[in-house]
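Participant: Structure provided below as structure tokens; questions to follow.
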Amino acid sequence: MPFTLEPSYDDHPRLQGLVVDLRRYLHEELIPYERERGLTAESKLDRPTLEHVWKRSRELGFYGISLPPELGGQGLSLWELCALKEELTASGAALSHSVLGDMGGPLRAGSVVQYATEYQLERYLLPVIRGERACCFSITEEDAGSDVRRMTTTATPDGDSYILTGRKVFSSAAPFADFAIVVARMASADDTETYSAFLVDLDSPGCRVLDGEVPMSGQQMEGDLDFDGCRVPAANLLGEVGQGLRIGIGRITLNRLLHCPSLIGAARRAWDLSVAYSKSRIAFGQPLLALQAIQHKLADMATDIYAARSTVMATAARADQGANIGVEANMCKLLTAESCFRVADQAVQIHGKAGLTRGHEVEQIFRTLRMFRVVTGTSEIHKNAIAKSLV
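Take 0 as the starting number for the sequence shown in numbering that gives the first Met the number 0 and just add one per residue.
In structure tokens:
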């Protein structure tokens, strides 16, 4: 596939058809819907707005598209899913995160289906897949980010229940979720480290959803979960006792790869905006684009996008073949986060004063891409993991 900033997949007819349909929906329906309501990337979203997107996306076949057909999806490969995720953020749509179900939807819950009982599927996961309920994933704590084993949220067995006590932070989709997938430390008399995962209804007594801190991206989609003697039925234990980190970290490994195309799409959007601005902005009697310095910046930006996309798509293809991509997922996230942030930095430079102005799209992209050098694993943690695996 030859390189273009806006890729085509003519040698993959199914994917090309999906990309064309997705672009049409984004530009002809979703973005006009956002403009009518004055929605931006930093708007506080309400549940009805999100449900509108979930419903329409499901009608069009996008919501949960990567799930197997028996769960209502089309069984997309990771390679195909990465292509669609890039298109979402490249469009600049503020609600792009809700089209495939990244934020509180099937993509957030789909990876845990293999651990779920029939009861858990029927009550929790299938309603998410249908767009009727939303969930969040909660593992991070104030003092347990990269070092998840420092978590202090505790699950204590009590008859046919578990009692959860502690606090989780930075839970994406928590403000509008119905339940959470919570990883907690099992209470133990001998200090044995065992972690388990639970499906927790967020309206349970002893559970409070609190406003989280607004991240530098300005997106208001995070929340904190406070558990004060929250009773969770034993039937809501996800998998077996002791599988919590396998469930949580296994999901994180895949997420590290799947965040990458979204960052590439945001970088591509920054590139598009920079090209348009440099064509229209006149300086010293000519468009900025006529200046070699600007041309070189655009060349560097395109090269970074190409490198990131190529690495991510190659890794996704290996994963589809059944390869263990633990090392490569860390490489992808490291390379993509750093290179896409460089693209955003150059975009701000090209835009000059406009790029420094709060509310300008390039400025918001800059803040978002800077954030992802930390989110879902810092660049330093990725380097640690890569070196540990190879040396």
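Glycine is no exception: its CB is placed at the ideal position from the N, C-alpha and C atoms.
Distance, Cα to Cα, residue 6 vs residue 332?
Facilitator: In the sequence shown, counting from the first residue as 1, residue 6 sits at position 7. In the sequence shown, counting from the first residue as 1, residue 332 sits at position 333. Between residue 6 and residue 332, the C-alpha separation is close to 21 Å.
Participant: Please report how far the alpha carbon of residue 102 lies from the alpha carbon of residue 353, in whole angstroms.
Facilitator: As a first step, residue 102 must be located in the sequence shown, where it is residue number 103. As a first step, residue 353 must be located in the sequence shown, where it is residue number 354. The straight-line gap from Cα to Cα measures roughly 30 Å.
Participant: For a minimum of 3 consecutive residues, which ranges assigned as the beta strand (DSSP E) are wholly contained in the region 122-168?
Facilitator: 134-137, 153-157
Participant: Can you tell me whether residue 113 is helix, strand or coil according to DSSP?
Facilitator: Taking the first residue of the sequence shown as 1, we reach residue 113 at position 114. Assigned with DSSP and collapsed to three states, residue 113 falls in helix.
Participant: Below 8 Å on the Cβ atoms is my guess for residue 256 versus residue 326; work out the distance and round it to an integer in Å.
Facilitator: In the sequence shown, the residue the question calls residue 256 occupies position 257. In the sequence shown, the residue the question calls residue 326 occupies position 327. The Cβ separation is near 11 Å, so there is no contact.
Participant: Got a sec? Which residues, its chain only, sit under 7 Å from residue 252 by beta carbon, not counting five neighbours each side?
Facilitator: Taking the first residue of the sequence shown as position 1, residue 252 is located at position 253. Contacts found: 325, 328.
Participant: Going straight from the alpha carbon of residue 177 to that of residue 121, what length do you get?
Facilitator: As a first step, residue 177 is located in the sequence shown; it is residue number 178 there, counting from the start. As a first step, residue 121 is located in the sequence shown; it is residue number 122 there, counting from the start. Those two C-alpha atoms are separated by around 14 Å.
Participant: Classify residue 376: buried if its beta carbon has 16 or more other beta carbons within 10 angstroms, exposed otherwise.
Facilitator: Sequence index remark: in the sequence shown, residue 376 carries index 377 (1-based). It counts as buried.
Participant: Looking only at its chain, what residues have a beta carbon closer than 6 Å to the beta carbon of residue 115, apart from the 5 residues adjacent to it on each side?
Facilitator: Position 116 of the sequence shown, counted from the first residue, corresponds to residue 115. For residue 115, where only same-chain residues beyond five positions count, the Cβ hits under 6 Å are 124.
Participant: According to DSSP, what are the bridge partners of residue 282?
Facilitator: Indexing the sequence shown from 1 puts residue 282 at position 283. According to DSSP, residue 282 bridges with 285.
Participant: How many angstroms separate the CA atom of residue 345 from the CA atom of residue 12?
Facilitator: Your numbering for residue 345 matches position 346 in the sequence shown. Your numbering for residue 12 matches position 13 in the sequence shown. Computed Cα separation, rounded: 35 Å.
Participant: According to DSSP, simplified to helix, strand and coil, what is residue 8?
Facilitator: Within the sequence shown, numbered from 1, the residue matching residue 8 stands at position 9. In the structure shown, residue 8 sits in coil (DSSP, three-state: anything other than H, G, I, E or B).
Participant: Among 379, 272, 389, which has the Cα closest to the Cα of residue 348?
Facilitator: Your numbering for residue 348 matches position 349 in the sequence shown. Ranking 379, 272, 389 by Cα distance to residue 348 puts 272 first.
Participant: Whole angstroms is fine: what's the gap from residue 320's alpha carbon to residue 2's?
Facilitator: Position 321 of the sequence shown holds residue 320. Position 3 of the sequence shown holds residue 2. Answer to the nearest angstrom: the Cα atoms are 23 Å apart.
Participant: Assign residue 180 to one of three DSSP states: helix, strand, or coil.
Facilitator: Here the question's residue 180 lines up with position 181 in the sequence shown. Three-state result, residue 180: strand.
Participant: Given residue 25, which residues of its chain have a CB within under 6 Å of its CB, disregarding the five upstream and five downstream residues?
Facilitator: As a working note, residue 25 is residue 26 in the sequence shown. Excluding five sequence positions before and after residue 25, the CB atoms of its chain that fall closer than 6 Å to its own CB belong to 90, 92, given in chain order.
Participant: Please return the same chain residues whose Cβ sits closer than 8 Å to the Cβ of residue 446, not counting the five positions on each side in sequence.
Facilitator: Residue 446 lies beyond the residue range present for the chain, which begins at 0 and ends at 390; the question has no answer from this structure.
Participant: Let's see if you can read the secondary structure: which residues bound the beta strand (DSSP E) around residue 199?
Facilitator: Numbered from its first residue, the sequence shown carries residue 199 at position 200. Here the beta strand (DSSP E) through residue 199 covers 194-200.
Participant: Tell me whether residue 170 sits in a helix, a strand or coil according to DSSP, three-state version.
Facilitator: To locate residue 170, count along the sequence shown from 1; it is residue 171. Strand.
Participant: Within this structure, are the beta carbons of residue 63 and residue 74 separated by less than 7 Å?
Facilitator: Sequence index remark: in the sequence shown, residue 63 carries index 64 (1-based). Sequence index remark: in the sequence shown, residue 74 carries index 75 (1-based). Result no, Cβ atoms of residue 63 and residue 74 do not sit closer than 7 Å.
Participant: Suppose you measure from the CA of residue 372 to the CA of residue 215; what does that come to, to the nearest Å?
Facilitator: Here residue 372 refers to the residue found at position 373 of the sequence shown. Here residue 215 refers to the residue found at position 216 of the sequence shown. Their Cα atoms are separated by approximately 12 Å.
Participant: Within 10 angstroms of its Cβ, does residue 37 collect 16 or more other Cβ (buried), or is it exposed?
Facilitator: Start at 1 with the first residue of the sequence shown, and residue 37 comes out as number 38. Exposed is the call here.
Participant: With residue 325 as the anchor, note down where its alpha helix (DSSP H) starts and where it stops.
Facilitator: In the sequence shown, counting from the first residue as 1, residue 325 sits at position 326. From DSSP, the alpha helix (DSSP H) with residue 325 extends over 325-350.
Participant: Look up residue 33 in the DSSP assignment and say whether it is helix, strand or coil.
Facilitator: Residue numbering aside, residue 33 sits at position 34 when the sequence shown is read from its first letter. Three-state result, residue 33: helix.
Participant: Where does residue 105 sit, in a helix, a strand or coil, going by DSSP?
Facilitator: For the purposes of this step, residue 105 is identified with residue 106 of the sequence shown, where counting begins at 1. Residue 105 falls in the helix class under three-state DSSP.
Participant: Report buried or exposed for residue 254, applying the criterion of at least 16 other Cβ atoms within 10 angstroms of its Cβ.
Facilitator: Taking the sequence shown and counting its residues from 1, one reaches residue 254 at position 255. Classification for residue 254: buried.
Participant: Quick check on the burial criterion: 16 or more other C-beta atoms within 10 angstroms. Buried or exposed for residue 117?
Facilitator: To locate residue 117, count along the sequence shown from 1; it is residue 118. Exposed is the call here.
Participant: In the structure shown, what three-state DSSP assignment does residue 66 receive?
Facilitator: Along the sequence shown, one-based indexing puts residue 66 at 67. Of the three classes helix, strand and coil, the one that applies to residue 66 here is coil, per DSSP.
Participant: So does the region 355-374 actually touch the region 292-306, counting three or more Cβ pairs closer than 8 Å?
Facilitator: no
Participant: Taking DSSP as the reference, what is the three-state secondary structure of residue 45?
Facilitator: One-based indexing of the sequence shown puts residue 45 at position 46. Correct three-state label for residue 45: coil.
Participant: Check whether the region 284-291 and the region 136-148 touch, using three or more Cβ-Cβ pairs below 8 Å as the test.
Facilitator: With a cut-off of 8 Å, the region 136-148 and the region 284-291 do not count as touching, because too few Cβ pairs lie within range.
Participant: Report yes if the CB atom of residue 368 is closer than 7 Å to the CB atom of residue 340, and no otherwise.
Facilitator: What you label residue 368 is simply residue 369 of the sequence shown in a count that begins at 1. What you label residue 340 is simply residue 341 of the sequence shown in a count that begins at 1. Yes. Within cutoff.
Participant: Consider the Cβ of residue 137: report whether some Cβ of chain C lies at a distance smaller than 7 Å.
Facilitator: The structure shown contains no chain C; it holds only a single protein chain.
Participant: How about residue 197 and residue 213: are their beta carbons less than 7 Å apart?
Facilitator: Working through the sequence shown from its first residue, we reach residue 197 at position 198. Working through the sequence shown from its first residue, we reach residue 213 at position 214. Cβ distance not < 7 Å, so residue 197 and residue 213 don't count as in contact.
Participant: Name the residue from 130, 148, 172, 232 whose alpha carbon lies nearest to the alpha carbon of residue 61.
Facilitator: Working through the sequence shown from its first residue, we reach residue 61 at position 62. Residue 130 is the option with its Cα nearest to residue 61.
Participant: Measuring CA to CA, which of 166, 279, 261 is closest to residue 364?
Facilitator: Within the sequence shown, numbered from 1, the residue matching residue 364 stands at position 365. Comparing Cα-Cα distances from residue 364 to each of 166, 279, 261, the minimum goes to 261.
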